[in-house]
Amino acid sequence: MTAKTMTDYLVLNYGEARHDMNQMEYACGELANLHGITEEEIFLFMIENKPISSMHTHSYGFNTANGRALKEQFNNYYYE
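Here it is, written out as structure tokens:
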């Protein structure tokens, strides 16, 4: 998923993109490779809190330990 694709999605759905999209692309790509999931799954998990069933990121609508760890990993790559 490219930075432009992410920007277009955010602008279409939220009116603007307030993130560093190059860092977003990097973080999504690194985590997708690390965990064997898609960049889009990571992106939607971070932006819209959509569950990633293969990683068991949610239980009863709340983030599980896996979900919280994934967010922490994302932050580490994003702010690297």
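Heads up: the sequence shown begins at 4 in the working numbering, then just goes up one per residue.
Beta carbons are placed, not taken as given, at the ideal position from N, Cα and C, and that holds for glycine.
Note that the structure is a prediction, hence the values are computed from the model and not measured.
The alpha helix (DSSP H) that contains residue i, what's its start and end?
i	result
residue 52	Taken as a continuous stretch (DSSP letters only), residue 52 belongs to no alpha helix (DSSP H), as it is neither H nor E.
residue 18	Segment: none, residue 18 is in no alpha helix (DSSP H) and carries neither H nor E.
residue 39	No alpha helix (DSSP H) contains residue 39, which DSSP labels as neither H nor E.
Just tell me which of the options has its CA closest to the CA of residue i.
i	options	result
residue 8	30, 56, 24	24
residue 69	18, 58, 52, 77	58
residue 76	27, 65, 53	27
What's the gap between the Cα of residue i and the Cα of residue j?
i	j	result
residue 37	residue 61	19 Å
residue 81	residue 30	5 Å
residue 55	residue 17	22 Å
residue 39	residue 45	11 Å
residue 42	residue 63	24 Å
Tell me, which residues are paired with residue i by DSSP?
i	result
residue 61	66
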